[in-house]
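Some notes on the structure that comes next.
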Amino acid sequence: MGPMGDGLPDREIIARVIQGDAHCFELLLDRYRLRVLGIVGRHVPSHSVEDVSQEVFLEVYRSLGSFSGRSPLAHWISRIAVRCCVDFWRRHRGRELPMSSISEDGQRWMDSLLANDSVEDFQKSATAKEAQEVLEFALTRLSAEERTVLTLVHLDGLSVKEAADMLGWTSVLVKVRAHRSRCKLRKIIENLVDGSGGVP
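Convert by adding 140 to the 1-based position in the sequence shown; the result is the number in my numbering.
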């Protein structure tokens, strides 16, 4: 689709896709690819981002006929992306990362925390890479819903209302689940630091 299609409003593109215009769907892909990759990239391991992003666009294509237009298309696609990430973690729930997945640097860093007997040192002494590694390991111990709500509210910085919209939950449920998930994650990390393997 050339420059003429670039200026088409989303509603017009959707109508054309529903009528069978595959080129217009390519335009939607181009328009929303970075948004989807950004969301998926924050919620699944890097080696799975491309596959999950393809699932998102497949679901967008299948569901376009049900798009009501009450919210912007970007928001609707974002919700689908978040749901696909939740589905990814449901499918992979039994495949937690083993302790051996933490690099030698990460292991040494945790050993030094043990010597200091201070959980507060977790944030002070880590390099970004080590902290990300341990956080990723700890997050695999959470359920799909726990991981997603925690990521949306505490890592992505969405408001409770925004996270509720993305997940299709009430704001109260988001608050409760985000709090419980944060407490559970903290306990997992504390257990990692004190050497019990991250099992709360």
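The beta-carbon is built from N, C-alpha and C at its ideal position, and this holds for glycine as well.
| Asked | Found |
| --- | --- |
| Secondary structure of Q159, DSSP reduced to three states | coil |
| Length of the line joining the Cα atoms of S188 and V312 | 31 Å |
| Euclidean distance between Cα positions of N331 and V157 | 51 Å |
| Cβ-based neighbour list, R182, same chain, cut-off 8 Å, excluding 5 preceding and 5 following | T291, L295, D296 |
| The stretch 215 to 222 in contact with the stretch 302 to 316 per 3-pair CB rule at 8 Å | yes |
| H232, DSSP secondary structure in three states | coil |
| Beta-carbon gap between E195 and D227 smaller than 9 Å | yes |
| Cβ-heavy atom distance, R156 to the ligand NAP, below 8 Å | With respect to the ligand NAP, the structure offers nothing, as it holds no ligand at all. |
| Member of F207, R322, E286 whose CA lies at the smallest distance from the CA of D150 | F207 |
| Range of the contiguous alpha helix (DSSP H) that encloses R287 | 284 to 290 |
| Assigned exposure category for R317 - 16 Cβ within 10 Å defines buried | buried |
| Own chain, CB closer than 6 Å to Q263, minus 5 neighbours either side, in chain order | Model confidence at Q263 stands at a pLDDT of 49, short of 50, so the residue's coordinates are unreliable and nothing is read from them. |
| Buried versus exposed call for A214 [16 or more other C-beta atoms within 10 Å across all chains shown] | exposed |
| Classification of T310 by the beta-carbon crowding that lies within 10 angstroms, buried from 16 upward | exposed |
| Ranges of the beta strand (DSSP E) found wholly within the stretch 191 to 229, counting only runs of at least 3 | none |
| Own chain residues within Cβ distance below 8 Å of V184, not counting five before or after | V192, C225, F228, W229 |
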